[in-house]
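Enquirer: Handing you a structure now.
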Amino acid sequence: MSKTQYIIALDQGTTSTRCIIFNHKGESISISRREFAQHYPELGWVEHNPEDIWNDAVYTIKSALTEAKLDQDLGSIAAIGITNQRETVVLWDKITGKPLYNAIVWQDRRTSAFCQKLKADGAEKTVHDKTGLLLDPYFSATKLAWLLDNVKGARAAAQRGELAFGTIDSFLLWRLTGGKVHATDATNASRTLLFNIKTQSWDEELLKLFNIPESLLPEVKDNSTLFGVTDVNLFGHPIPIMGMAGDQQAALIGQACFEPGMTKATYGTGCFMLLNTGDQMVISKNRMLTTTAYRLNGKPTYALEGSIFVAGAAIKWLRDGLGLITHASQTHDMATQVNDNHQVYMVPAFVGLGAPHWAPDARAIITGLTLNATAAHLARAALESIAYQTYDLSEAMKKDSGKDILTIRVDGGMSANDWFCQFLANIMNITVERPSYIETTAIGAAYLAGMASGIWTNLSDIQHHWRQGASFRSHMQEEERVKKLKGWQHALRQALLEVE
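Just so it is clear: in the sequence shown, position 231 is 231 by UniProt numbering, and no numbers are missing.
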């Protein structure tokens, strides 16, 4: 393989869009990043402007190419890989390509009542058995139903076959190919509540349940395959798009968690923990999710997943909401300034609680405040809360899988915080491994595109590229661990009590 070949990884996240270019060794040679606006039109609603996302995608690709000095050598780009915020939905016109409404973000809670009604009607068992998911506003189908019922003329236009629906990956693919390709991948499809992960196809019964016309839906493809080719007018040269995966599944690939039992946790805006279960579709009895981890050559690999809605977003709140910090990295030093948590606990249910509680109407609380509590205690409580929530996920996964989780590979922005990683190892009594390169979501997308384009041969080839950067082992006494966990459970009960 020529050393002049490169992969573009487009990583479209909840708060920013990034493009990272990798060489054939999996080394980053350039990066471009842009934050974009979050819109909160009503309480519990979260939206993005799809045009912001599109414009940032094009900008970051061009900027990264220029930084890498590849803008005049586009023939050396073997492929593009796309990874994206999952469950965020866009509805657009097939002729004009224009969205009918803002993208409704995965954090959005506007369809809570609809989900409750479906549960009351007894629909959750069918949904869970077919999709591995639960009825929650988090997932895509109820958002799409809301768009069809609340955007003027949308349902009629959908019935006439004039509209297209997609998660962000699908919308970007449509735009990148000049409207020639309407497709998604098996991992993003598996988060919609419309995709049967047993048959790996859109499900007629589920479409009827949510009143979704099938004509809206994209074709579902493997994660590593040819999706389409970019419009030549975009970059001056057609580039094949050959990899696609939802951000958490891309991180699983980037962390090389290819064997059953291997586990990764990504700490970004939220936290998402995936346990590889191989070809076994383990249906959770403890309110975890069952999802497609990846699909290669038509063969799905499954995972158990636990979703924490607020992780890094809690640190962002300390910065933007309270003004306690100016940069997330300050929380490391603040946490070390105090000897203990002073019995201050934060339950960061700013947009409800995810797994294993699934309480969309829960709201954030801070307990244990006294006049001796300081900003450092609040910073520490925010960091600790994310570790406690990860512990709750791991306990549920242990019950479902029947096996202890002894090691977790971590990534995402918060994993750069040594204090957090050590506390996570302490409270979970496990080993926490951090890779030498923590942008695992982007590199996972690059690996998928690289396999399809021939830069890498298979998963074993990718496994050789993973490198451990740091390892954290527990040194907390069991008595202290139990005490802290009891304090967390008490605070959690108070947050859930507010919902009741």
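Quick reminder that beta carbons are idealized off the backbone N, C-alpha and C, glycines included. Just so we're clear, the structure is a prediction, and the values are computed from it rather than from any experiment.
#1: What alpha helix (DSSP H) runs, 4 residues minimum, are completely inside the stretch 389-437?
#2: Is Ile366 closer than 8 angstroms to Met346 when the C-beta atoms are compared?
#3: May I ask you to report which of helix, strand or coil DSSP gives His332?
#4: Less than 8 angstroms between the beta carbons of Phe272 and Met244, yes or no?
#5: Helix, strand or coil for Gln343, going by three-state DSSP, please let me know.
#6: Taking 8 angstroms as the cut-off, does the stretch 174-183 touch the stretch 114-125 (at least 3 CB pairs, one atom from each stretch)?
#7: Classify Asn223: buried if its beta carbon has 16 or more other beta carbons within 10 angstroms, exposed otherwise.
#8: Look at the alpha carbon of Ser329 and the alpha carbon of Asn426, and state the distance between them as a whole number of angstroms.
#9: Is Ala9 helix, strand or coil by DSSP?
#10: Okay, do the stretch 453-471 and the stretch 33-51 touch, 3+ Cβ pairs below 8 angstroms being the bar?
#11: Excluding the 5 residues flanking Gly97 on each side, which residues of the same chain have their C-beta closer than 6 angstroms to its C-beta?
#12: Could you pull the DSSP bridge partners for Leu296 from this structure?
#13: Given a cut-off of 8 angstroms, decide if Gln5 and Ala78 are closer than it, judged by their beta-carbon atoms.
#14: With DSSP as the reference, label Arg175 as helix, strand or coil.
#15: Return the CA-CA distance between Val482 and Met476, expressed in angstroms with no decimal places.
#16: Ignore the nearest five residues each way along the sequence and tell me which others in Tyr101's own chain have a CB closer than 7 angstroms to its CB.
#17: Alpha carbon to alpha carbon, what distance is there between Tyr40 and Ala495?
#18: Considering only their Cβ atoms, is the gap separating Leu135 from Leu163 smaller than 8 angstroms?
#19: Go through the stretch 100-134 residue by residue and report every complete run of the alpha helix (DSSP H) that reaches 4 residues or more, in order.
#20: When you compare only the Cα positions, how much space is there between Ala113 and Tyr388?
#21: If we ignore side chains and look at the alpha-carbon of each, how far apart do Ile438 and Arg109 end up?
#22: Using the beta-carbon count (16 or more within 10 Å), is Leu252 buried or exposed?
#23: If Gly196 and Thr167 are in contact, beta carbons under 8 angstroms, what's the gap, nearest whole angstrom?
#24: Check whether the Cβ atoms of Ala442 and Ile20 sit closer than 8 angstroms, and answer yes or no.
#25: Closest to Val89 by CA distance: which of Thr60, Ile53 and Val58 is it?
#26: What residue from Lys25, Ile29, Thr17 and Cys421 has the CA that sits closest to Glu35's CA?
#27: Below 8 angstroms, how does it come out for the stretch 268-283 and the stretch 299-319: are there three or more Cβ pairs, yes or no?
#28: On the criterion of 16 or more Cβ atoms from any shown chain inside 10 Å, does Gln463 qualify as buried, or is it exposed?
#29: Can you pull the DSSP bridge partners for Asp149?
#30: Judging by CA-CA distance, which residue of Thr457, Ala349 and Glu478 is the nearest neighbour of Lys25?
#31: Ala9 and Gly81 - do their beta-carbons sit closer together than 8 angstroms?
#32: Secondary structure at Phe309, three-state DSSP: helix, strand or coil?
#33: Tell me which residue opens and which closes the beta strand (DSSP E) that Asp185 is part of.
#34: Quick test of your reading: Ala141 and Thr192, contact by CB under 8 angstroms. State the CB separation rounded to the nearest angstrom.
#35: Decide if the stretch 377-391 is in contact with the stretch 337-351; the criterion is three or more beta carbon pairs, one per stretch, under 8 angstroms apart.
#36: As an exercise, report each continuous alpha helix (DSSP H) stretch of at least 4 residues that is fully enclosed by the stretch 232-289, in chain order.
Expert: Taking the geometry as given:
#1: 418-428
#2: Along the sequence shown, one-based indexing puts residue 346 at 346. Along the sequence shown, one-based indexing puts residue 366 at 366. It is a contact, given that the beta carbons lie within the stated cut-off.
#3: Start at 1 with the first residue of the sequence shown, and residue 332 comes out as number 332. His332: helix per DSSP, three-state reduction.
#4: The residue you call residue 272 lines up with position 272 of the sequence shown. The residue you call residue 244 lines up with position 244 of the sequence shown. Not in contact: Phe272 and Met244 (Cβ atoms no closer than 8 angstroms).
#5: Translated into the one-based positions of the sequence shown, residue 343 becomes position 343. Three-state result, Gln343: coil.
#6: no
#7: Translated into positions along the sequence shown, residue 223 becomes position 223. Buried: at least 16 other Cβ atoms inside 10 Å.
#8: Taking the first residue of the sequence shown as position 1, residue 329 is located at position 329. Taking the first residue of the sequence shown as position 1, residue 426 is located at position 426. Ser329 and Asn426: Cα-Cα distance of roughly 20 angstroms.
#9: In the sequence shown, the residue the question calls residue 9 occupies position 9. In the structure shown, Ala9 sits in a strand (DSSP, three-state: E or B).
#10: no
#11: Numbered from 1 along the sequence shown, position 97 holds the residue referred to as residue 97. Gly179.
#12: Locating residue 296 in the sequence shown gives position 296, where the first residue counts as 1. Beta-bridge pairing links Leu296 to Lys299.
#13: Numbered from 1 along the sequence shown, position 78 holds the residue referred to as residue 78. Numbered from 1 along the sequence shown, position 5 holds the residue referred to as residue 5. A contact, by the Cβ cut-off of 8 angstroms.
#14: If you number the sequence shown from 1, residue 175 lands on position 175. Reduced to three states, the DSSP call for Arg175 is helix.
#15: Position 482 of the sequence shown holds residue 482. Position 476 of the sequence shown holds residue 476. Computed Cα separation, rounded: 10 angstroms.
#16: On the sequence shown, residue 101 is found 101 positions in, with the first residue counted as 1. The answer, listed in chain order, is Leu91, Leu147 and Val151.
#17: As a working note, residue 495 is residue 495 in the sequence shown. As a working note, residue 40 is residue 40 in the sequence shown. Cα-Cα distance, rounded: 23 angstroms.
#18: The count along the sequence shown starts at 1 and reaches residue 163 at position 163. The count along the sequence shown starts at 1 and reaches residue 135 at position 135. No, these two residues do not count as a Cβ contact at 8 angstroms.
#19: 112-120 and 124-131
#20: Locating residue 113 in the sequence shown gives position 113, counting from the first residue. Locating residue 388 in the sequence shown gives position 388, counting from the first residue. So the two alpha carbons sit approximately 29 angstroms from each other.
#21: Residue mapping note: residue 438 aligns to position 438 of the sequence shown, counting from 1. Residue mapping note: residue 109 aligns to position 109 of the sequence shown, counting from 1. Using only the alpha carbons, I get a separation of about 30 angstroms.
#22: Counting from one through the sequence shown, the residue named residue 252 turns up at place 252. Leu252 is buried by the Cβ-count criterion.
#23: On the sequence shown, residue 196 is found 196 positions in, with the first residue counted as 1. On the sequence shown, residue 167 is found 167 positions in, with the first residue counted as 1. Note on identity: in this sequence residue 196 is Asn, with Gly being the wrong assignment. About 17 angstroms; that fails the 8 angstroms criterion.
#24: One-based indexing of the sequence shown puts residue 442 at position 442. One-based indexing of the sequence shown puts residue 20 at position 20. Going by C-beta atoms, Ala442 is nearer than 8 angstroms to Ile20.
#25: In the sequence shown, residue 89 corresponds to position 89, counting from 1. Out of Thr60, Ile53 and Val58, Ile53 has the C-alpha closest to the C-alpha of Val89.
#26: Position 35 of the sequence shown, counting from 1, holds the residue named residue 35. It is Thr17 whose Cα lies nearest to the Cα of Glu35.
#27: yes
#28: As a working note, residue 463 is residue 463 in the sequence shown. Gln463 comes out exposed.
#29: Along the sequence shown, read from residue 1 onward, the residue named residue 149 stands at position 149. None; Asp149 has no bridge partner.
#30: Locating residue 25 in the sequence shown gives position 25, counting from the first residue. Among Thr457, Ala349 and Glu478, the Cα nearest to that of Lys25 is on Thr457.
#31: Reading the sequence shown from its first residue, position 81 is the one you call residue 81. Reading the sequence shown from its first residue, position 9 is the one you call residue 9. Yes; because the gap between Cβ atoms is below 8 angstroms, this pair is in contact.
#32: For this step, residue 309 is matched to residue 309 along the sequence shown. In this structure, Phe309 counts as coil in the three-state DSSP scheme.
#33: The residue labelled residue 185 in the question sits at position 185 within the sequence shown. First-last of the beta strand (DSSP E) with Asp185: Ala183 to Asp185.
#34: Numbered from its first residue, the sequence shown carries residue 141 at position 141. Numbered from its first residue, the sequence shown carries residue 192 at position 192. With a Cβ gap of about 6 angstroms, Ala141 and Thr192 count as contacting.
#35: yes
#36: 232-235 and 247-254
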